[in-house]
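Read left to right, the sequence shown gives residues 240 to 986 (this note's numbering).
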Amino acid sequence: IVNVKEFLFAKTMIFAIEEINNSMLLPGASLGYKIYDDCSSIPLATKAAMDLVNGPEGTLSDISCIKPSTVHAIIGMSDSSPTIAVAKSLGPLHIPVVSYYSTCACLSNKHEFPTFFRTIPSDYYQSRALAQLVKHFGWTWVGAVSSDNDYGKAGITTFMEALQNEEICIEYSEVIYRNSPRDKILKVVETMKKASSKVVVAFATFIDLEYLINELLLQNITSLQWVGSEGWIYNEYLATEENYKVLGGAIGINIMNPVVPGLQKFLMKFIPTNIPNNTGLESFWESTMNCTSAGEENTANGNECLGSETVYRAVYAIAYSVHHLFKCQNMAVDFFVCLLYVSMLLTHVNFTTSYGETLYFDENGDPAARYELINWQPSKEGMIKFVKIGVYDASLLCIVPRSSCSQSCFPGTRKAVQKGKPICCFDCIPYSPDCLKCPIEYKSNDLKSQCILKEIEFLAFEETTGILLVFFSLLGTCFTMAVTMVFLYYRDTPIVRANNSELSFLLLFSLSLCFLCSLTFVGQPSHWSCMLRHTVFGITFVLCISCVLGKTIVVLMAFRATLPGNNIMKWFGPSQQRFCVFILTFIQILICALWIIVSPPFPSKNTEHYKDRIILECSLGSTITFCAVLGYIGLLSTMCFILAFLARKLPDNFNEAKFITFSMLIFCAVWITFIPAYISSPGKYTVAVEIFAILASSFGLLFCIFVPKCYVILLKPHKNTKKFLMGKVNYSYSGLLATSYSHVCDR
Numbered sequence: 240i241v242n243v244k245e246f247l248f249a250k251t252m253i254f255a256i257e258e259i260n261n262s263m264l265l266p267g268a269s270l271g272y273k274i275y276d277d278c279s280s281i282p283l284a285t286k287a288a289m290d291l292v293n294g295p296e297g298t299l300s301d302i303s304c305i306k307p308s309t310v311h312a313i314i315g316m317s318d319s320s321p322t323i324a325v326a327k328s329l330g331p332l333h334i335p336v337v338s339y340y341s342t343c344a345c346l347s348n349k350h351e352f353p354t355f356f357r358t359i360p361s362d363y364y365q366s367r368a369l370a371q372l373v374k375h376f377g378w379t380w381v382g383a384v385s386s387d388n389d390y391g392k393a394g395i396t397t398f399m400e401a402l403q404n405e406e407i408c409i410e411y412s413e414v415i416y417r418n419s420p421r422d423k424i425l426k427v428v429e430t431m432k433k434a435s436s437k438v439v440v441a442f443a444t445f446i447d448l449e450y451l452i453n454e455l456l457l458q459n460i461t462s463l464q465w466v467g468s469e470g471w472i473y474n475e476y477l478a479t480e481e482n483y484k485v486l487g488g489a490i491g492i493n494i495m496n497p498v499v500p501g502l503q504k505f506l507m508k509f510i511p512t513n514i515p516n517n518t519g520l521e522s523f524w525e526s527t528m529n530c531t532s533a534g535e536e537n538t539a540n541g542n543e544c545l546g547s548e549t550v551y552r553a554v555y556a557i558a559y560s561v562h563h564l565f566k567c568q569n570m571a572v573d574f575f576v577c578l579l580y581v582s583m584l585l586t587h588v589n590f591t592t593s594y595g596e597t598l599y600f601d602e603n604g605d606p607a608a609r610y611e612l613i614n615w616q617p618s619k620e621g622m623i624k625f626v627k628i629g630v631y632d633a634s635l636l637c638i639v640p641r642s643s644c645s646q647s648c649f650p651g652t653r654k655a656v657q658k659g660k661p662i663c664c665f666d667c668i669p670y671s672p673d674c675l676k677c678p679i680e681y682k683s684n685d686l687k688s689q690c691i692l693k694e695i696e697f698l699a700f701e702e703t704t705g706i707l708l709v710f711f712s713l714l715g716t717c718f719t720m721a722v723t724m725v726f727l728y729y730r731d732t733p734i735v736r737a738n739n740s741e742l743s744f745l746l747l748f749s750l751s752l753c754f755l756c757s758l759t760f761v762g763q764p765s766h767w768s769c770m771l772r773h774t775v776f777g778i779t780f781v782l783c784i785s786c787v788l789g790k791t792i793v794v795l796m797a798f799r800a801t802l803p804g805n806n807i808m809k810w811f812g813p814s815q816q817r818f819c820v821f822i823l824t825f826i827q828i829l830i831c832a833l834w835i836i837v838s839p840p841f842p843s844k845n846t847e848h849y850k851d852r853i854i855l856e857c858s859l860g861s862t863i864t865f866c867a868v869l870g871y872i873g874l875l876s877t878m879c880f881i882l883a884f885l886a887r888k889l890p891d892n893f894n895e896a897k898f899i900t901f902s903m904l905i906f907c908a909v910w911i912t913f914i915p916a917y918i919s920s921p922g923k924y925t926v927a928v929e930i931f932a933i934l935a936s937s938f939g940l941l942f943c944i945f946v947p948k949c950y951v952i953l954l955k956p957h958k959n960t961k962k963f964l965m966g967k968v969n970y971s972y973s974g975l976l977a978t979s980y981s982h983v984c985d986r
């Protein structure tokens, strides 16, 4: 069976040799050739190479072993595996092997293949190009399949190493065993079906890949994005309408195929279109060669049967090295001795082909790697087109060029826009007192070369100060709830009843709100938190002080009645007490409502206090209403303190006024010292001072008014009796006390 592809390669070599012999490249000399078909077999390739070196098997003799080789260079082979075998065999004989189609990266090892060269790029560069292509599209999770040969194994290994450098992960790597039982290919298909990655990189020959595609079609697995190597991405035999269901939109790397002048005309002599009555031969030619007969006007993908420029370049590389041998001959050295240096001379070959491409070999015997990027796209006629969408050149430096009108200014200088030019064009001049001012929310960096955002500062829940304040706020709430439970449990005892239990429970409720309202001051200010923190604070504290004021008035009226049987307490009974607390609190609610309607508090950025950071805080909105809220609290607390002070000398065993006096003294002292501390505190600590004042005054009321009573209830229960409360009352108040006690306790 004739391998049509290899046939065209051979004809391309003959074309190049005839072109060289008809030129002045080798004056007085000409190139000859012998052509063998290795049939992609390692034994046949090795035998053919030995025949070329030593002559036909029948002509061998003892003299042949000391004679020079009958050939001085071998061009071939197409497959990597036969090439590896031949290159290993001929390396010790210093006979160069120039391959036009073997791409295995392993052949770049000069220690193992010292005389190997090739005119097709190594798979090392193709693997890196595929990795960069995957990275370009942002795919970070891919699968991989490869052929079970040197081409596939070496290619996919290099590709996986390149993926690691690009920080791309590979989910699976499977091998296509074409000549193995079907179970193995089904295992590959099952792996692909279960995988979560939607991109498959196939480093395989088109024959192996076709075997896999057939199984994928049977199981209707068509939702994958394929990335291909040059082994199949440009293969028209694969590009059928059926296979497109799986491979549609495939993208990959293909070796560039420039047009060699005159080669097409030469090959036209051997193409079936010029042979009469070629029934079926042309179709066989095209499917085998993966091309369309040259000369057709409307080809499906533009891939005409034009041979291979890599074969053309391989012949010229040998010719140019032989050209340099004439210098060796001119030095009176035996020409056959000079021929031993063909391999060394190939290393220094550097020439430009007739179609304008420069060829040279690097230290590994590889040419510059240039690829074209191919994408499978359907045409209007329903055919599959191989569309060239880009070029990859590994010889180019990966340096992004800079393009700017002016270079960045050095520290100590500033930008000055050039007159009549865009803002990108500027001069750098030394700093002056008239420096460019940063926007209000920006500051200059340490080098004074650009403006950067200022830090945002507020009292956060996560920082130490915020955590401590939240802890004490919740601790105060828990203490208040504990006292409430004690009073509720002992609500029928004399000490609870004698201290106006209804107002006591209302006072404990308001103290809980006072502790909790401090939480609204912590965290990033928002529109709602700014309104809540000030209004809730004002209302809860007025409720609290109103209850304390009510208790003080009850005590004062009860013990200031001058005559027994005085009926003054009926004007300040439980209903009147509740109404008094409601009216006093309602006034504060009206003030706060007016505040929110007219000019409510709002979050703002304080950029004036510090130059290097922005303080997020709550602006008051209307300062007048805020002063009215604080003034009203101050008025009630002053009244409460005065009344409690007047009642401080009432009988000891029934003296709640003394503890109220202490609590209001602490309350007033805290808020008087709060004013200068609030003004002098920097940044977020202003809010911390405000929270501290709320907590301190709340703890003062809780401890001074309720802790002494809890002490008696829990630790001195013998004092929590009516007899004890009445027993030590001074004789001068005995009549009054009896009357007053009945009024207070009954209510």
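Just so it is clear, CB atoms sit at the ideal spot from N, CA and C, and this is done for glycine as well.
{"Query": "Look at the alpha carbon of Thr251 and the alpha carbon of Glu475, and state the distance between them as a whole number of angstroms.", "Result": "21 Å"}
{"Query": "Can you tell me which of the three DSSP states Arg357 falls into?", "Result": "strand"}
{"Query": "Measuring alpha carbon to alpha carbon, tell me which residue in Cys756, Glu469 and Thr592 is nearest Tyr631.", "Result": "Glu469"}
{"Query": "Quick one: using the 10 Å Cβ neighbour count with 16 as the cut-off for buried, is His311 buried or exposed?", "Result": "buried"}
{"Query": "Ends of the alpha helix (DSSP H) at Asn453?", "Result": "Phe445 to Leu457"}
{"Query": "DSSP three-state call for Tyr551: helix, strand or coil?", "Result": "helix"}
{"Query": "Take the Cβ of Lys923 as the centre, count every other Cβ of all protein chains shown within 10 Å, and call the residue buried at 16 or more, exposed below.", "Result": "buried"}
{"Query": "Over the uninterrupted beta strand (DSSP E) stretch that includes Ala441, give me the two end residues.", "Result": "Val438 to Phe442"}
{"Query": "Please report how far the alpha carbon of Glu245 lies from the alpha carbon of Asp318, in whole angstroms.", "Result": "11 Å"}
{"Query": "Among Cys857, Leu833 and Ser876, which one has its Cα closest to the Cα of Ile863?", "Result": "Leu833"}
{"Query": "Please tell me whether Asp387 and Tyr340 are closer than 8 Å, where the distance is taken between their beta carbons.", "Result": "no"}
{"Query": "Assign Thr716 to buried or exposed, taking buried as 16 or more other Cβ atoms, counted over all protein chains shown, within 10 Å of its Cβ.", "Result": "buried"}
{"Query": "Below 8 Å on the Cβ atoms is my contact criterion, and I expect Cys783 with Leu746 to pass it. Report the Cβ-Cβ distance as a whole number of Å.", "Result": "6 Å"}
{"Query": "Per DSSP, what kind of secondary structure is Glu680 in: helix, strand or coil?", "Result": "coil"}
{"Query": "Could you please give the first and the last residue of the uninterrupted alpha helix (DSSP H) stretch that includes Ile911?", "Result": "Ala896 to Ser919"}
{"Query": "Quick one: grab the DSSP three-state call for Ile274.", "Result": "coil"}
{"Query": "How close, in whole Å, do the beta carbons of Gly789 and Leu727 come, if the pair is a contact with beta carbons under 8 Å?", "Result": "Going by Cβ atoms, the distance from Gly789 to Leu727 rounds to 20 Å, so no, they are not a contact pair."}
{"Query": "Compute the Euclidean distance between the alpha carbons of Ser838 and Cys664, then round it to the nearest angstrom.", "Result": "48 Å"}
{"Query": "State buried or exposed for Asn493, treating a residue as buried only when at least 16 other CB atoms are found within 10 Å of its CB.", "Result": "buried"}
{"Query": "Could you give the first and the last residue of the continuous beta strand (DSSP E) run that contains Lys844?", "Result": "Phe841 to Asn845"}
{"Query": "Just to confirm before moving on: does the CB-CB distance between Ala284 and Val325 stay below 8 Å?", "Result": "yes"}
{"Query": "My guess is that Tyr390 and Thr444 are in contact by the Cβ rule of under 8 Å, so how many angstroms apart are they, rounded?", "Result": "7 Å"}
{"Query": "Taking the straight line between their C-alpha atoms, what separation do you get for Val626 and Glu257?", "Result": "34 Å"}
{"Query": "Of the residues Pro266, Glu929, Tyr871 and Ser902, which one's Cα is nearest the Cα of His562?", "Result": "Pro266"}
{"Query": "Quick check on this structure: which residue in Cys866, Pro947 and Trp910 has the alpha carbon closest to the alpha carbon of Ile899?", "Result": "Pro947"}
{"Query": "So, is Asn418 buried or exposed, given that buried needs 16 or more other C-beta atoms within 10 angstroms?", "Result": "exposed"}
{"Query": "Three or more beta-carbon pairs under 8 Å between the stretch 613-624 and the stretch 584-598, yes or no?", "Result": "no"}
{"Query": "Classify Leu247 as buried or exposed, calling it buried when 16 or more other Cβ atoms lie within 10 Å of its own Cβ.", "Result": "buried"}
{"Query": "Whole angstroms are fine: how far does the CA of Ile623 sit from the CA of Pro617?", "Result": "5 Å"}
{"Query": "Using a Cβ distance threshold of 8 Å, determine whether the stretch 947-957 contacts the stretch 925-939, with at least three qualifying pairs required.", "Result": "no"}
{"Query": "Is the CB-CB distance between Gln464 and Gly491 below 8 Å?", "Result": "no"}
{"Query": "Shortest alpha-carbon distance to Leu346 belongs to which of Leu372, Met316 and Pro500?", "Result": "Met316"}
{"Query": "Ends of the alpha helix (DSSP H) at Cys343?", "Result": "First-last for Cys343: undefined, no H or E at that position."}
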